[in-house]
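> The structure is given below, and queries will be raised subsequently.
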Amino acid sequence: MSALAQYLEEEGVPAVAISLIRLHSEKIGPPRALWVPFELGRPLGSPKDEQFQIRVITRALRLLECAPGPAVLEDFPDDDPTAVDLPDWRPAFDFTAGSIDIGKREVLEHALRQELLAIAPFHERFVAASRRTTIGLSGLSIDDCAELLADCLAGSFPANPDPSANPVQALRWAVDDLKAYYLEAMSADGAMPSSRQMQSWFWDHTLVARAIIALRRQLLASDDKRSQAIGRMNLVPGAQVQRLGLL
Amino acid sequence: MARMTDLPQATQTNMANLECPRFETTPFVSGPPLAERRVAVVTSAGLVRRGERPFVSGDVDYRVLPADTPASQILMSHASVNFDRTAFQRDINVVFPLDRLRAMAAAGAIGSLAATHYSFMGATDPRGMEANARAVAGRLKSDQVDAVLLTPV
Chain A
1209 MSALAQYLEE
1219 EGVPAVAISL
1229 IRLHSEKIGP
1239 PRALWVPFEL
1249 GRPLGSPKDE
1259 QFQIRVITRA
1269 LRLLECAPGP
1279 AVLEDFPDDD
1289 PTAVDLPDWR
1299 PAFDFTAGSI
1309 DIGKREVLEH
1319 ALRQELLAIA
1329 PFHERFVAAS
1339 RRTTIGLSGL
1349 SIDDCAELLA
1359 DCLAGSFPAN
1369 PDPSANPVQA
1379 LRWAVDDLKA
1389 YYLEAMSADG
1399 AMPSSRQMQS
1409 WFWDHTLVAR
1419 AIIALRRQLL
1429 ASDDKRSQAI
1439 GRMNLVPGAQ
1449 VQRLGLL
Chain B
9 MARMTDLPQA
19 TQTNMANLEC
29 PRFETTPFVS
39 GPPLAERRVA
49 VVTSAGLVRR
59 GERPFVSGDV
69 DYRVLPADTP
79 ASQILMSHAS
89 VNFDRTAFQR
99 DINVVFPLDR
109 LRAMAAAGAI
119 GSLAATHYSF
129 MGATDPRGME
139 ANARAVAGRL
149 KSDQVDAVLL
159 TPV
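Going down the list, the sequences are from chains A and B.
Under my numbering, residues 1209 to 1455 are what the first sequence spells out, in order.
Under my numbering, residues 9 to 161 are what the second sequence spells out, in order.
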């Protein structure tokens, strides 16, 4: 962001960057930046808190008006009030991934479909209330995303709906859509647990997470460098790799 | 919580070791009061319109996001999995705050909202984006934009 601010300003367009990594803004030294003490992924802090978000925007834009000279780096003073764990939170739905053998393709696909069915009413309520979903990168239905995951774990990469895309990349988008399906369902009915709680629950309790971790292991063992890279970097968050002690 | 000490150790190390571009001079353009400025958002969140090709690792191009694009038609295709997506899922404004800027324009805090906004994808050396960033600057000037809010993830 800081480098983009530099390029825009050099072209005569005044720009202010919100900074999530203060160290990078210190190194690059853009014309103006507001560092915010928020979680990565939340440059404006609190979701659904209009006044908080406007305070962040106003503080940033004011640097366009008031900053005395170049290379201004100001700190936003307040933490995101929603970035705290809810006591005793757990999602309204429940299931147990159990001890099914995810190495058996039909068993895995059937169990994944059962899990998706259990979540479906919650996801439908999330979409009805928010009038949007972030699912859609893969271009597949959520059932087809699960089927693709099961197929790939069984060793076959089915025909890609988008022939211009790398099949492993397309698989990654299907995994992203599956994650979004579960996480959006956890936010149904206005639930606002912390992202840490949601991630821990997802990776500890869902069958689909077990399958994604198995896929990661499979891609890491692949001879294909692209598959290795996606397995290493694009399936399981580093925080979960560390927390779960994954190799 | 994006203090370095709150991040996983591997992320801290990557962030600390990331090579950042250095610039010999820092430009600084002045302008009218905020209440008279036309504001655009440029984000590095990897946003695309539904149906567009998602960003993939190494992409240095950008996507055009007209202000009237419904929130339901905007997806996030960032390569990194190491940041929170749940806030964006609940509220697009936490990353792409056009509703908030509209409210600020209606209240007279800013002059107006630009007709078009732009998305790059971070997690790529920004020096590769330079030519495209300069092209976006040209488009912003054509839209009379004189204030850009840059939002990362």
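The beta carbon of each residue, even a glycine, is placed where N, CA and C say it ideally should be.
1. Just how far apart, CA to CA, sit histidine 1232 of chain A and proline 29 of chain B?
2. Using 8 Å as the limit for Cβ to Cβ distance, is alanine 122 of chain B near chain A?
3. Indicate the three-state DSSP secondary structure (helix, strand or coil) for tryptophan 1243 of chain A in the structure shown.
4. Locate the beta strand (DSSP E) running through arginine 30 of chain B, then write down its first and last residues.
5. Could you tell me the distance, in whole angstroms, from the CA atom of leucine 1452 of chain A to the CA atom of glycine 1220 of chain A?
6. Against glycine 1446 of chain A, what residues of chain B qualify as contacts under a CB-to-CB distance less than 7 Å, listed in chain order?
7. Find out if the Cβ-Cβ distance for the pair alanine 18 of chain B, glycine 1344 of chain A is shorter than 8 Å.
8. Considering only DSSP beta bridges, list what serine 120 of chain B is partnered with.
9. CB-CB under 6 Å to glutamine 20 of chain B, same chain, minus the five flanking residues each way: which ones, in chain order?
10. Count the other C-beta atoms from every protein chain shown that fall within 10 angstroms of the C-beta of proline 1222 of chain A, then say buried if there are 16 or more, exposed otherwise.
11. Pair every Cβ in the segment 1314–1327 of chain A with every Cβ in the segment 1279–1288 of chain A, then say whether three or more of these pairs are closer than 8 Å.
12. Quick one, which residues of the segment 59–80 of chain B are near chain A if we go by CB-CB under 7 Å, in chain order?
13. Closer than 8 Å by beta-carbon distance: list the chain B residues that pair up with histidine 1232 of chain A, in chain order.
14. Are the CB atoms of isoleucine 100 of chain B and leucine 1 of chain B within a distance shorter than 8 Å?
15. By the 10 Å Cβ neighbour count, where 16 or more other Cβ atoms means buried, how is lysine 1433 of chain A classified, buried or exposed?
16. If you reduce the DSSP assignment to three classes, tell me which class leucine 157 of chain B lands in.
If we stick to the structure as given:
1. In the first sequence, counting from the first residue as 1, residue 1232 of chain A sits at position 24. In the second sequence, counting from the first residue as 1, residue 29 of chain B sits at position 21. In a straight line, the C-alpha of histidine 1232 of chain A is about 9 Å away from that of proline 29 of chain B.
2. In the second sequence, residue 122 of chain B corresponds to position 114, counting from 1. Contact with chain A is absent for alanine 122 of chain B, since none of that chain's Cβ atoms lies less than 8 Å from the residue's Cβ.
3. What you label residue 1243 of chain A is simply residue 35 of the first sequence in a count that begins at 1. In the structure shown, the three-state DSSP call for tryptophan 1243 of chain A is strand.
4. Translated into positions along the second sequence, residue 30 of chain B becomes position 22. Secondary structure note for arginine 30 of chain B: it is in no beta strand (DSSP E), with a DSSP letter that is neither H nor E.
5. Against the first sequence, residue 1452 of chain A aligns to sequence position 244. Against the first sequence, residue 1220 of chain A aligns to sequence position 12. Between leucine 1452 of chain A and glycine 1220 of chain A, the C-alpha separation is close to 48 Å.
6. Against the first sequence, residue 1446 of chain A aligns to sequence position 238. What glycine 1446 of chain A touches in chain B: Pro16, Ala18, Thr19 and Asn90.
7. Within the second sequence, numbered from 1, the residue matching residue 18 of chain B stands at position 10. Within the first sequence, numbered from 1, the residue matching residue 1344 of chain A stands at position 136. Not closer than 8 Å, so no.
8. Within the second sequence, the letter at position 112 stands for residue 120 of chain B. DSSP output for serine 120 of chain B lists B:Arg46 as bridge partner(s).
9. Here residue 20 of chain B refers to the residue found at position 12 of the second sequence. Take glutamine 20 of chain B, set aside five residues on each side of it, and the residues of its chain with a beta-carbon closer than 6 Å to its own are Met12, in chain order.
10. Within the first sequence, numbered from 1, the residue matching residue 1222 of chain A stands at position 14. Classification for proline 1222 of chain A: buried.
11. When Cβ pairs closer than 8 Å are counted between the two stretches, the segment 1314–1327 of chain A is seen not to touch the segment 1279–1288 of chain A, the count staying below three.
12. When CB distances to chain A are screened at a threshold of 7 Å, the residues of the segment 59–80 of chain B falling below it are Pro62, Val64, Ala79 and Ser80, in chain order.
13. Reading the first sequence from its first residue, position 24 is the one you call residue 1232 of chain A. The contact set of histidine 1232 of chain A on chain B, defined by CB atoms closer than 8 Å, consists of Met23, Leu26 and Cys28 in chain order.
14. Given a span of 9 to 161 for chain B in the structure shown, any question on residue 1 of chain B remains unanswerable.
15. Within the first sequence, the letter at position 225 stands for residue 1433 of chain A. Classification of lysine 1433 of chain A: exposed, given that the 10 Å Cβ count is below 16.
16. The residue labelled residue 157 of chain B in the question sits at position 149 within the second sequence. The three-state secondary structure of leucine 157 of chain B, taken from DSSP, is strand.
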